[in-house]
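Numbering (this note's numbering), first residue to last: 548 to 884.
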Amino acid sequence: MGSSHSISIPHISVNIYTSDGKTFAMSSRDFVDHIVLLRRVIAHPEMTQQGETLNYYIDDYCRRMAHRGIATKYKQRRLPWQIDWIWHVHRLHPIAYDNDCAKQLPNGIPVDKKYRRLRIKQRRKHRSVNLFESIRNSSTFVPSIDLAEAVVRQRDFLKKFKQHKLFSMDLRRLTRNLFEQMVQNYISFLKLAKNGELIVPTFDIDLIWHTHMRSPISYQNTSKALCGFLLDHNDSLEKDILADAYQKTAEQWKMTYKVDYGKDIDKDNLRTSGYVSACAIIIAPVATYSSSGGGCGGGGGSGGGGGCGDGGGGGDGGGGGDGGGCGGGGGCGGCGG
């Protein structure tokens, strides 16, 4: 890809406050890191297709997980983006990821994200990979999900992302207001979750949701505080189930927040009201921002808007659910997108 420079990404931190005094934060730099990875994967379709290349990197990922090859910031900084992609897809199944780490890693703690990639382009070309090269130290880490199938299912999400403004716009155009509103809508989405019921996000909400799941510890803590359980993410549900669940989510959103699903919630209403989720009361304002530096990476995209997918009619403001839904059983709820 040739040489490039690292863009300057100021830090926009959105703080989430709960009624019991807990505070959680989401960073625009995590969002930009996610966007950069998605762009890179789209440029390399072999990383979303069944075959030798994908299988090689899945095996390499499992080997690294088994031998603490992803555990530190230093190792994550040196991680090939292809491995970061496989790791990303594994984390999109938070209950499975948590269980896999708990059962198969020596300390039983999920490997958390410690490094962000904020370059739009690679500094230099990767060395070519010999796919017939044997992977040393045979893997003893076996994910409980089929990672190859999970990766292939992401093609639909990537297709939608390619049509989104964030795919092509200058990442430095992301404003604090846009990022804050996207996080606000995501938090409002989490507050609708009920254990054992399906809930389907708009595409913009799903972008933030995927970003949050890339930091497993933060996601677990926030999900349990707002929902009362670890909200799962399931992207393998049938289209008719998704469509029905999306419609119910849209109705619940309209009834709770007095605005059509996919459109931004009036912040004045949030600041003067308390909303009850499945297991917690969140006293608005749910999110405020603090920032350092000037403009920021990321860009384009409508604040809460436009879900696209199979779950209903599309639209600029808020139609269409993203391809995923949520369902929970036992002690854990679940969601998809």
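Don't be surprised by glycine CBs; every beta carbon is placed ideally from N, CA and C.
- Separation of R615 and L639 (C-alpha to C-alpha, rounded to the nearest whole angstrom) is 20 Å.
- In the structure shown, the three-state DSSP call for F571 is strand.
- V636 and E744 have their C-alpha atoms some 23 Å from each other.
- In the DSSP annotation of this structure, the continuous segment of the beta strand (DSSP E) that includes V561 starts and ends at 558-564.
- Contiguous alpha helix (DSSP H) elements confined to the segment 606-631 occur at 620-624, taking only those with 4 or more residues.
- In the three-state scheme derived from DSSP, where H, G and I count as helix and E and B as strand, H780 is classed as strand.
- Less than 8 Å divides the Cβ of L718 from the Cβ of V579.
- Closest in alpha carbon position to Q710, among R586, M573, S575, D577, is R586.
- If you ignore the 5 residues before and after I633, its C-beta comes within less than 6 Å of the C-beta of Y604, I605, Y608, all in its own chain and listed in chain order.
- The segment 652-667 makes no contact with the segment 689-698: fewer than 3 CB pairs, one atom from each, lie closer than 8 Å.
- Looking only at D787, T758, L739, the smallest Cα-Cα distance to H581 is reached by T758.
- The three-state secondary structure of L789, taken from DSSP, is helix.
- Going by DSSP, Y644 is part of the alpha helix (DSSP H) stretching over 641-651.
- In this structure, the straight-line span from the alpha carbon of I752 to that of T600 is close to 31 Å.
- DSSP, read as helix, strand or coil, puts L739 in coil.
- In terms of CA proximity to W756, F736 leads the group A649, F736, L626.
- In the same chain as A643, and ignoring 5 residues on each side of it, the C-beta atoms closer than 6 Å to its own belong to S691, I692, in chain order.
- In the three-state DSSP reduction, I812 falls in the coil class, being neither helix nor strand.
- For the segment 686-729, there is no continuous beta strand (DSSP E) assignment of 3+ residues that stays within its boundaries.
- Of L652, S574, H591, K620, the smallest CA-CA separation from T722 is found for S574.
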